[in-house]
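Asker:
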Amino acid sequence: MIKQEIERIIRAVVAAKFGSLEDAVFEVENPKQKDNGDYSSNVAMVLAKRLEKNPREVADEIVSDILKDPQSGGYFRKVEAAGPGFINFYISDEKLRENAQKILDKKEKFGRSKQGEGKTVVVDYSSINIAKPMHVGHLRSTIIGQALYNIYGSLGYKVIGDNHIGDWGTQFGKMIYAYKYWGDKKIVAKNPVEEMTKLYVRFHKEAEANKELDELARTETKKLQNKDDENIKIWKFLVRESLKDANKIYKILNVKIDYTLGESFYDEMLSGIVREATDKGYAKKSEGAMIIDLDNFGLPPFLVQKTDGAYLYATTDLATAKYRKEKWNADKILYIVSNEQALYLEQMFKSLELLGYCPDTELKHVKFGMVLGEAGKKFSTRKGDTVKLEDLIAKAVDMAKQVIDEKNPGLSQKEKKKIAWTVGIGAIKYNDLSQNRLTDIVFNWDKMLSFDGNSAPYLQYTCARINSLHEKYKNENRLEAILTFQKPHLELLREGAEKDILRYLVKYPEAVESAARENSPHLVALYIYNLASDYNTFYNSYPILKTDKDLMKARLALSEAVAIVLKNGLTLLGIDVPDRM
RNA sequence: GUUCUCGUAGUUCAACGGAUAGAACGGAAGCCUCCUAAGCUUCAGAUACAGGUUCGAUUCCUGUCGAGGACACCA
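All residue numbers for the first sequence refer to my numbering, where the first residue is 32 and numbers rise by one.
1) Looking at the secondary structure, which residues open and close the alpha helix (DSSP H) in which Y539 lies?
2) Hey, L603 and P552: beta-carbon distance below 9 Å or not?
3) Are three or more beta carbon pairs between the segment 530–546 and the segment 587–603 nearer than 8 Å?
4) Taking the beta carbon of A458 as the centre, do at least 16 other beta carbons fall within 10 Å, making it buried, or is it exposed?
5) Count the other C-beta atoms from every protein chain shown that fall within 10 angstroms of the C-beta of Q256, then say buried if there are 16 or more, exposed otherwise.
6) Identify the continuous beta strand (DSSP E) that holds K189 and give its terminal residues.
7) In whole angstroms, what is the alpha-carbon distance linking R128 and Y106?
8) Return helix, strand or coil for I364, following the three-state DSSP convention.
9) Write down the C-beta distance between N262 and E272 rounded to the nearest angstrom, noting that I regard them as a contact closer than 8 Å.
10) Quick one: grab the DSSP three-state call for I97.
11) Who pairs with G197 in a beta bridge, going by DSSP?
12) In the DSSP assignment, what residue or residues form a beta bridge with T151?
13) Helix, strand or coil for V418 per DSSP?
14) Would you check if the distance between the CB atom of K358 and the CB atom of L383 is smaller than 9 Å?
15) How big is the Cα-Cα spacing for A563 and A345?
16) Please list, in chain order, all residues of the same chain as A594 whose beta carbon is under 6 Å from its beta carbon, the five residues on each side excluded.
17) Does E526 pass the burial test, meaning 16 or more other C-beta atoms within 10 Å, or should it be called exposed?
18) Keeping to the same chain, check which residues put their C-beta closer than 6 Å to that of E226; ignore five residues upstream and five downstream.
19) When you compare only the Cα positions, how much space is there between Y8 and L420?
20) Would you call the CB atoms of I93 and V44 closer than 9 Å?
21) Would you please state the rounded distance, in angstroms, between the beta carbons of A277 and M165? I believe it to be under 8 Å.
22) Which two residues bound the contiguous beta strand (DSSP E) that contains A43?
23) Since S144 sits in a beta bridge, which residues does DSSP pair it with?
24) DSSP state of H169, grouped into three classes?
25) Do C389 and A361 have their beta-carbon atoms positioned less than 9 Å apart in this structure?
26) Tell whether a beta-carbon distance below 9 Å holds between S172 and S157.
27) Is the separation between the beta-carbon of A613 and that of I323 shorter than 9 Å?
28) With DSSP run on the structure shown, which of helix, strand or coil describes Q177?
29) Quick check: what's the CA-CA separation for L269 versus H169?
30) What residues are listed by DSSP as bridge partners for E384?
31) For S317, tell me which candidate among P331, K311, K150 has the shortest Cα-Cα distance.
32) Report the partner residues of S369 according to the DSSP bridge assignment.
33) Within its chain, find whatever has a CB closer than 7 Å to the CB of G623; leave out the 5 residues flanking it on each side and keep chain order.
34) Please tell me whether H520 and A427 are closer than 9 Å, where the distance is taken between their beta carbons.
35) Could you compute how far the alpha carbon of D260 sits from the alpha carbon of W266?
36) Within 10 angstroms of its Cβ, does W213 collect 16 or more other Cβ (buried), or is it exposed?
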């Protein structure tokens, strides 16, 4: 990456010039304004303080040394001191063309790296609750998790996706009770999650009037945990049918998760966890229950066993982390969980640290804001007021279909349908992946299903346009088409808009790398959006096919490079690209 | 009550402590005899408030106000 190369060059010059200051912490950044270079560094301002000199003078000195350095010769078109003491670097045209050619040669491999080789990242995402419908809240975890999974994978990490499903615990007592008294096997099997939700909602409704129900549900939970035959049988049935529904949605969303190890999977380990915590002196009895006291760390106590002896989600999570470390030797575990669980995860991480279950493992809560109902309040499954994912998808695809019918009526029904799915689902995914907000999102159909501006369809459309250029070109130049990108005369790209694109293409690998570092897929989304925007400006200002041959080939090559990078970025985000739309 | 996250154009979002706070939607005005107008161009429009740290603060610290979340037997 060029950024690191610049850092290296600066460091070498600084070490030679101000030997004792080579430990200085400085940065190489992307300037906001294009006029301020392709990269800039604050190194002079950092050093100026320690040297007690004017930052601008220090900058001038460093610049003149960099220009003398033969190694940096081919790299820059210009290096200059600017503003209060920034050093701005302008990449040479030759380097920019080299990079574009590299994109054309490497294609879908451009942007990948081996920086994560030998390291394992476990991504805990989706983590749905069995017997409850997937709603827009689960969508965020699923989509962000999948994107991070892809991003880390592209950087050479070994990535393990783990769907930590909620298939155990109290809510199953309620479900089992409801199923026993009001359920019908055939009806449930036909439409599993929907029917289970009905049972669940009914339970809560009746429990409000009849307080005994909660007690009866607890008994069912207890029986399940004690492996009562009938309850286990019902439980297995509910889990199986429920997963069938979930898998349908995963398939539609093109989400792939390596493992589905639910809470029940860890059940056997739980008593051991509590015993060990007790033996080590971290767990103790309090108000009849077992807690890990975190008072010393300013955290509330962490409840690991209930008064009635049953274990909780917390206990399971400790076991899960332990398992992930022992089984997969995870270097990093990412919990893609909404920020309402921030305190809980903090307690859990601290407990894991005390128990020593995950030494040398980075535990990271990748937070996101919750999706609230249109009234600005939390959705509640109990009241049955959530927006179901299935409905959202159906609506998005339907809207996309309408737009296609209008814009491109000539396509076959089959192709229209396919494009509608790609575009509709892309829009939904991109909506979540293009923002980094921790604030809660108030659910809004229009926003969710926007096909204009900064949206997946905009990016897909840009790719479709470029694809269309190539189709046209191929039809008119059959023989030459194959050879087009072998030796394009990229030096003919002299317009400002063309150079802007070349300059920006260099930064794609850095965008992917920072997305991983910050666990923020939106950095990739932001990058490809800006790239598409630059390209569309160019597209509207200059003819591509209607110019003389060599320039046409060069512009086609540039377009192709843009399409490759857009597609690579969208692929990381889990968004498909249609050929036409 | 304690605590977490957040407060940026009318709305939804950007901005490693950096240079002139960027977009999109919505509004106003333009661009299809020309490669896909799901596009492009132009205009209007914002850092909640008060202090502090810093050469430099939307960003860090303190306080006020506002929104949402969490706070022991749910997950």
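Positions of the beta carbon are idealized from the N, C-alpha and C atoms, including for glycine.
Answerer: On the basis of the supplied data:
1) 539–548
2) yes
3) yes
4) buried
5) buried
6) 189–193
7) 12 Å
8) strand
9) About 16 Å separates the two Cβ atoms, so there is no contact after all.
10) helix
11) N160
12) K189
13) coil
14) no
15) 45 Å
16) C494, I497
17) exposed
18) I218, V219
19) Outside the modelled stretch of the chain, which goes from 32 to 612, sits residue 8, for which no answer is possible.
20) yes
21) 6 Å
22) Per DSSP, A43 belongs to no beta strand (DSSP E); it is in the alpha helix (DSSP H), 33–48.
23) According to DSSP, which records beta bridges pairwise, S144 is partnered with nothing at all.
24) helix
25) yes
26) yes
27) The question about residue 613 has no answer, for the chain in this structure spans 32 to 612.
28) helix
29) 19 Å
30) E384 pairs with nothing; no bridge assigned.
31) P331
32) F399
33) What is shown of the chain runs 32 to 612, which leaves residue 623 out entirely.
34) no
35) 10 Å
36) exposed
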